Amino acid sequence: MTVKSEIVGVLGESEVLLPGLISAALAANDRIKLRLSLMQEATAKAREPARAARGFAPELRAAGLDSEMPETALGQARLLGPDTLFLPGAGALLGGLKTDLDAMLAPLTTAAMPEAASLAPRVQALQPALAPQAADEIPLNRIAALTSASRENGNKFHVLVMDLHKALNQLAASTAAENLDGAMVHGLTDDDRHAVRAFMRGLHRTAPLAFGHPGLGTTAVHGAAHLTIQNDIGTTDAHVLVVHVTDADVTVTYTDIHRPRAKFFIDLFAGWNVEWSPLNQRQAKGLEEEAFYLINGRFASTDAGKRHDFLAFLGSRLVFLIDWNKARKALQIFLGKNAAIGLLTWAAAHDYGHRAFLELGGAELVYDAVHRAASGRIRYGERLDDALGEEDCVEFLRNTLRGTAQGLAAGRSARLIRDEIQAELSRRFETAESAVFTLLVRHLGLSRCIAEGIAACLENPAPARDFARRAKAMEAKADKLTAQLRELAARMQGATMLRQVIDQVENTTDALEDCAYLLGLAPEGDDCATPLLLPLAETVTGALSAMVRAVEAASRLPDGQRADATEALQAIDAVVSLEREADTAQREAFAELMRTPCADARALLLRLELTKALEGATDQLSHAAFALRDRVLEELSA
């Protein structure tokens, strides 16, 4: 406290000191967070000497600590045995913590805040822990105790700092000279007012997306060198945003106990050319898990308009930090941690957020939709992205985040929003089945092309070898479709009959490719007539065409058209009838082959194998048709 401040206090007018004391206390809070970050970084550097030390030069200069902690000090950090850290200026760091703690308490005591009665003894009790034992040494367990953000196991320094900061924000709000667009402000200049209005404009634009959750209270104070804007971001103690605004830049200091959320916060500003301090790995070995993360960002611009645009954007992002970790945990149940964070980033970028999703039940909202719309379609214990496929699952959950936000904002009932989500999920499972039928039609189309080529080669054997190569390429395409079909079917509950259809259609294609291969082996100058196999080949082609009609009709059954069921069953019956015709055609071909003289035994053997392979293709196709019939009847009885 300055001499003038002491004189004013003696005169009994200490309340006039409050704006200055509050400003000094907030600056002391910034310095404490910086000192703790320095200790954490020094410990990490000492334990991993090969890693480059993070630079703190801009932060040290801004906080006025550059003389107390030289920029080179972190690079000299090392361990003195297993329990002690050597850090040039460590004693000064500890002494500074004591001074700053007193500065944070001063305005609370001056204003006779009720909280001061409980906070002052806690400050006093921690004084011994802040006394330096050596100029350049500090025990690791002292660093762990100082940086811990846990409220367990007694009075802790960092917890005390958070409680002091919370009380300071309450004091600043209650003693503010003015409410400026919802921010409680002290002694602002005209330039400050424009900056605060910009910040609040952004905050108010997205604040409704909190849907009643407390938080986002803002205070602003003009200090000695800059405007300070603070926001409490929900109700978590260690979750605080401090913004400093000058004529040259906007600096952001953000603290969080969750590293993924701190990383998410940084990612929100992609494209804004913000220089961020590194977000280091989780606490170095030996420090407690509850320690916080502190990051600093600097947006440099001498253009007031650009600074105001940045402040508005910054204010608009804060609502997306409220309950972020709760939303991440809810979403990652269905598709994994990284994908869940990606969803939250997308929701923030599109100004939907996640609070509405949580307000309507979070994970239970999705569980309810699965129970109502997908019961029997998801195996027990199966994750939603495995059942739907990752792409479809992401799209469904995006629509869920968007639908809940837009629905609550528009005043729609919770029941209606839940029904819409259920309908969306139901459509996606029906779409998966539809995709199976679509791919089956493509697969059957390739088989029909091979069958038509076989018939053409039976009439004119000349291009048989070239066709055999083309048939092999078509079979390779069909194999890829089979892999896709099996992957889709594996994600569907109750798809046993569809899997049988897929397998038998695949066997049909294999049999036809075998036929094409055999045709390509025909001896040169073969005079053994092949047109006698043509009726059998044409029967196979007809059966494939009927199967295509059956699958196309079956794909329309979810739309509820009875005529489609009839068409599907008629086409299936046609496939079965053509299989019987193929049996007859095979016998007739065998009889004709036995009656027709053939000089080359190889040619006769080839035709016998062709006959068996063609008839075998219709056998496989009839098995597929019967499996499809069971699926159609099941759909009709549902």
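Numbering follows full-length UniProt numbering, in which position 327 of the sequence shown is assigned residue number 327; successive positions increment by one, without gaps. Even glycine gets a Cβ: it sits at the ideal position worked out from N, Cα and C. Being a predicted model, the structure only gives us computed values, none of them experimental.
query = Which residues in the same chain as residue 246 place their Cβ atom closer than 6 Å to its Cβ, once the five residues preceding and following it in sequence are excluded?
reply = Here residue 246 is taken as the residue at index 246 of the sequence shown, counted from 1. If we look at residue 246 and ignore the five residues flanking it on each side, its Cβ neighbours are 226.
Can you name the start and end residues of the alpha helix (DSSP H) that residue 124 belongs to? Taking the first residue of the sequence shown as 1, we reach residue 124 at position 124. In the DSSP annotation of this structure, the continuous segment of the alpha helix (DSSP H) that includes residue 124 starts and ends at 116 to 126.
Exercise for the section: May I ask you to list the residues that DSSP assigns as paired with residue 241? Expected result: By one-based count along the sequence shown, residue 241 stands at place 241. The partner list for residue 241 (beta bridge, DSSP) reads 231 and 254.
Would you give the residue range spanned by the alpha helix (DSSP H) that residue 202 belongs to?
What you label residue 202 is simply residue 202 of the sequence shown in a count that begins at 1. Segment 190 to 206, the alpha helix (DSSP H) holding residue 202.
inquiry  = Alpha carbons only, please: which of 542, 308 and 468 is nearest the one belonging to residue 202?
reply    = The residue labelled residue 202 in the question sits at position 202 within the sequence shown. The shortest Cα separation from residue 202 among 542, 308 and 468 belongs to 308.
Where the alpha helix (DSSP H) through residue 482 begins and ends: As a position in the sequence shown, residue 482 is number 482, starting the count at 1. Unbroken alpha helix (DSSP H) run through residue 482: 464 to 490.
Whole angstroms are fine: how far does the CA of residue 424 sit from the CA of residue 293?
As a working note, residue 293 is residue 293 in the sequence shown. As a working note, residue 424 is residue 424 in the sequence shown. Each residue's alpha carbon lies about 39 Å from the other.
Along the chain, where does the beta strand (DSSP E) containing residue 138 start, and where does it finish?
The residue labelled residue 138 in the question sits at position 138 within the sequence shown. Segment 137 to 139, the beta strand (DSSP E) holding residue 138.
### Message
Please tell me whether residue 96 and residue 35 are closer than 7 Å, where the distance is taken between their beta carbons.
### Response
Here residue 96 corresponds to residue number 96 of the sequence shown, with the count starting at 1. Here residue 35 corresponds to residue number 35 of the sequence shown, with the count starting at 1. In contact: residue 96 and residue 35 (Cβ atoms closer than 7 Å).
Check: The alpha helix (DSSP H) with residue 59 in it runs from where to where?
Finding: Looking up residue 59 in the sequence shown gives position 59. It spans 57 to 63 - the alpha helix (DSSP H) in which residue 59 sits, taken as one unbroken run.
Query raised in the report: How long is the line joining the alpha carbons of residue 169 and residue 208, rounded to whole angstroms?
Result: Position 169 of the sequence shown holds residue 169. Position 208 of the sequence shown holds residue 208. Whole-angstrom Cα-Cα distance: 22 Å.
Paired residues, beta bridge with residue 249 - DSSP = Indexing the sequence shown from 1 puts residue 249 at position 249. In DSSP, residue 249 forms a bridge with 300.
### Segment limits, alpha helix (DSSP H) that includes residue 405
In the sequence shown, counting from the first residue as 1, residue 405 sits at position 405. Unbroken alpha helix (DSSP H) run through residue 405: 390 to 409.
In angstroms, rounded to a whole number, what distance separates the CA positions of residue 528 and residue 495? By one-based count along the sequence shown, residue 528 stands at place 528. By one-based count along the sequence shown, residue 495 stands at place 495. Caution applies to residue 528, whose pLDDT of 49 falls short of 50 and renders its modelled position unreliable; the model cannot decide the point.
Does the separation of the CB atoms of residue 32 and residue 100 fall below 7 Å? For the purposes of this step, residue 32 is identified with residue 32 of the sequence shown, where counting begins at 1. For the purposes of this step, residue 100 is identified with residue 100 of the sequence shown, where counting begins at 1. With contacts defined as CB atoms closer than 7 Å, residue 32 and residue 100 qualify as a contacting pair.
According to the neighbour-count rule (16 or more other Cβ atoms, all chains shown, within 10 Å of its Cβ), is residue 285 buried or exposed? The residue given as residue 285 occupies position 285 in the sequence shown. Model confidence at residue 285 stands at a pLDDT of 43, short of 50, so the residue's coordinates are unreliable; what they give is reported in the following sentence. Classification for residue 285: exposed.
Taking only the alpha-carbon atoms, compute the straight-line gap between residue 543 and residue 427 and give it to the nearest angstrom.
Mapped onto the sequence shown, residue 543 falls at position 543. Mapped onto the sequence shown, residue 427 falls at position 427. Spanning the two alpha carbons is a distance of roughly 32 Å.
Tell me whether residue 107 is buried or exposed, calling it buried when 16 or more other Cβ atoms sit within 10 Å of its Cβ. To locate residue 107, count along the sequence shown from 1; it is residue 107. A buried status is given to residue 107, since no fewer than 16 other beta-carbon atoms sit within 10 Å of its beta-carbon.
Quiz prompt | Simplified DSSP assignment, three categories, for residue 184 | solution = Indexing the sequence shown from 1 puts residue 184 at position 184. Residue 184: strand per DSSP, three-state reduction.
Check for me: the alpha helix (DSSP H) holding residue 226 runs from which residue to which?
Counting from one through the sequence shown, the residue named residue 226 turns up at place 226. That residue, residue 226, is in no alpha helix (DSSP H); it is neither H nor E in DSSP.
Distance, Cα to Cα, residue 252 vs residue 84? Numbered from its first residue, the sequence shown carries residue 252 at position 252. Numbered from its first residue, the sequence shown carries residue 84 at position 84. When rounded, the distance between both Cα atoms is 32 Å.
Checklist entry - Taking the alpha-carbon positions, what's the residue 193 to residue 371 distance? => result Residue mapping note: residue 193 aligns to position 193 of the sequence shown, counting from 1. Residue mapping note: residue 371 aligns to position 371 of the sequence shown, counting from 1. Rounded to whole angstroms, residue 193 to residue 371 spans 53 Å at the Cα level.
Worksheet item: Looking at the unbroken alpha helix (DSSP H) that takes in residue 334, where does it start and where does it end?
Response: Here residue 334 refers to the residue found at position 334 of the sequence shown. Where residue 334 is concerned, the enclosing alpha helix (DSSP H) starts and stops at 324 to 335.
* Would you check if there are 3 or more beta carbon pairs closer than 8 Å linking the stretch 122 to 136 to the stretch 154 to 161? => yes
#### Entry: Where residue 272 falls: helix, strand or coil (DSSP)
Taking the first residue of the sequence shown as 1, we reach residue 272 at position 272. Coil.
Should residue 303 go down as buried or exposed, given a rule of 16 or more other Cβ atoms within 10 Å for buried?
Counted from its first residue, the sequence shown places residue 303 at position 303. Exposed, by the Cβ-count rule.
Starting from the C-beta of residue 489, find all residues in its chain whose C-beta is less than 8 Å away, skip the five residues before and the five after it, and write them out in chain order.
-> Position 489 of the sequence shown holds residue 489. Excluding positions up to five away in sequence, the list reads 436, 495, 498, 499 and 502.
**Study point:** Per-residue burial, residue 49 [other beta carbons within 10 Å of its own, 16 or more giving buried]
**Key:** Start at 1 with the first residue of the sequence shown, and residue 49 comes out as number 49. With fewer than 16 Cβ atoms within 10 Å of its Cβ, residue 49 is classed as exposed.
Going by other Cβ atoms of all chains shown within 10 Å of its Cβ, with 16 needed for buried, is residue 60 buried or exposed? Taking the sequence shown and counting its residues from 1, the one referred to as residue 60 is at position 60. So residue 60 ends up on the buried side.
Handout entry: With 16 other Cβ atoms within 10 Å as the buried cut-off, status of residue 521
Key = As a working mapping, residue 521 is identified with position 521 in the sequence shown. Its Cβ having fewer than 16 others within 10 Å, residue 521 is exposed.
Q) Do residue 655 and residue 215 have their C-beta atoms closer together than 7 Å? A) Outside the displayed span of the chain (1 to 638) sits residue 655, for which this structure offers no information.
- Query: What are the boundary residues of the beta strand (DSSP E) that residue 86 is part of?
  - Reply: Taking the sequence shown and counting its residues from 1, one reaches residue 86 at position 86. 84 to 86 is the extent of the beta strand (DSSP E) around residue 86.
By the 10 Å Cβ neighbour count, where 16 or more other Cβ atoms means buried, how is residue 255 classified, buried or exposed? Along the sequence shown, one-based indexing puts residue 255 at 255. Buried is the call here.
Quick one: using the 10 Å Cβ neighbour count with 16 as the cut-off for buried, is residue 566 buried or exposed? To locate residue 566, count along the sequence shown from 1; it is residue 566. Result: exposed.
Limits of the unbroken alpha helix (DSSP H) element including residue 19:
By one-based count along the sequence shown, residue 19 stands at place 19. Looking at the DSSP string, the run of the alpha helix (DSSP H) that includes residue 19 is 18 to 47.
**Q.** Spatial neighbours of residue 240 in its chain, beta-carbon cut-off 6 Å, leaving aside the 5 residues before and after
**A.** The residue labelled residue 240 in the question sits at position 240 within the sequence shown. Closer than 6 Å at the Cβ level, and outside the excluded window around residue 240, lie 255.
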